[in-house]
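**Q** In my numbering, the protein residues as written are 17 to 380. Ideal Cβ placement from N, Cα and C applies to all residues, glycine included.
1. Relative to the C-alpha of residue 104, which candidate in 350, 48, 159 has its C-alpha closest?
2. Assuming residue 180 and residue 148 are in contact, meaning their beta carbons sit under 8 Å apart, how far apart are those beta carbons, in whole angstroms?
3. Would you list the residues sitting across from residue 126 in a DSSP beta bridge?
4. Can you tell me whether DSSP reads residue 288 as helix, strand or coil?
5. Mind checking which residues open and close the alpha helix (DSSP H) that includes residue 379?
6. Determine contact between the segment 310 to 323 and the segment 32 to 46, defined as no fewer than three beta-carbon pairs at a distance below 8 Å.
7. Alpha carbon to alpha carbon, what distance is there between residue 264 and residue 46?
8. Grouping DSSP H, G and I as helix and E and B as strand, with all else coil, what is residue 179?
9. Can you list the beta strand (DSSP E) stretches of 3 or more residues lying completely in the segment 339 to 376, in chain order?
10. Are the beta-carbon atoms belonging to residue 28 and residue 37 less than 9 Å from one another?
11. Specify the secondary structure class of residue 54 as computed by DSSP and reduced to three states.
12. Express the C-alpha separation of residue 182 and residue 368 in angstroms, rounding to a whole number.
13. Under 6 Å Cβ to Cβ from residue 277, same chain only, skipping five residues before and after it: list those, please.
14. Could you say if the segment 322 to 330 and the segment 210 to 229 meet the contact criterion of at least three C-beta pairs nearer than 8 Å?
In C-alpha cells form, the structure reads like this:
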C-alpha cells in the first residue's frame, strides 16, 4: 500500500476544546493511484472515477489503539494483493488516528511556532496538544474522504477503538456508509475499560521522566509497564496458560509469562511514545455514541448501513453482551460470535473466522 499525507489548510476545531492549526492525516491507500511523476490531483480524479463508475469498491479499515495506517502490516493475513481485502481489486484505505505516534497530528508533532531556522524540526507539543475524541478522528477521516473525492464507502471495518470509529462514522454520515462491520467494541466506554486506561496512565505518571518532557523518550519505563498491564486485558486466562507455561516441571520461580510481559513492554516502547499513548487512552475514554444525540439507543437507531456485529467469546475487555447490545439496537444488524483462546486480541488473530463472516459483503 502507498503511504500518503493529507494536510488540512484551515484550523481544525476539537470537540473538547482547542484547535489543531496544521492538521495532518497520514494514510495508506491501495497501490496504483499515486505514482512518481503523477500529480496528486490526477490520482484523486482516477480514484473518484473508479468509485463513481462502480469499477472498484471502497474498503475503509479503521485501526486499533497503537496500530498504524498500513493494515498490511498488522493484518497481513487479510490485507494485500490477492488477499481478502485485495488491494488490487478494491480501493483499500486506512487513516492514522489523531494523537497517534505514526504521523497524524498528535503530541509528538512539532509545534509550528517552535520550527525556526535554528531548529527547523521544532519541539513536540507534548501536553500542549488538545485532547482529541473519537469524533475528532472521524471528522478528520471525513475530511480525507472528501479530499479523495470518495462519495460512498462500500465497507468500513474496525475492531476495538477502530470499531468505535466505524460506529461513529455510520452515525455521522449515514448515507455514505453502505456496510459496516463492528468487531469487539461497544457503544460507550465502560467503567471497566476506563479503569484499565487510568491504571495505565498512572504507570506513565509513575515514571519521573514522563512529565519532564525532555524528549519523546520520556516516560519510556512507564510505557513499558502500561503496555504490560494492557496486554493482560487484551488476552485471556486460557490463552496465557496455553502459550506461556513453564517448560521445567521443577521450576522454583515462574518467569516465562513475566519475560513475555517485559518483552511486549519493550517492543511497544521501541516503536511508540508515552505521550501519544496517554492521549490515545483519553480518546478511548471519550467514546459515547449517544452524547448529544438523545442517548445511545437513539443514536444506534439512526444507523442506515447494513451492519455486521462480531463478538469474541473470550473477550474480557469487551464482553459479548456489548456486541449483542449493538446488534439489538442497530436496525437490521446481524450478530456473529467467533471463538478464540486469545481474548480481545482475537480480532487480530482469528482472521479466518472474520473473513468467513465478511465474505458475503464483498461479493460482486
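**A** Result, derived from the coordinates:
1. Checked all of 350, 48, 159; the closest Cα to residue 104 is 48.
2. Wrong, their Cβ atoms sit about 13 Å apart, outside the cutoff.
3. 140
4. coil
5. Note, residue 379: premise wrong, no alpha helix (DSSP H); not H, not E.
6. no
7. 48 Å
8. helix
9. 350 to 354
10. yes
11. coil
12. 21 Å
13. 244
14. no
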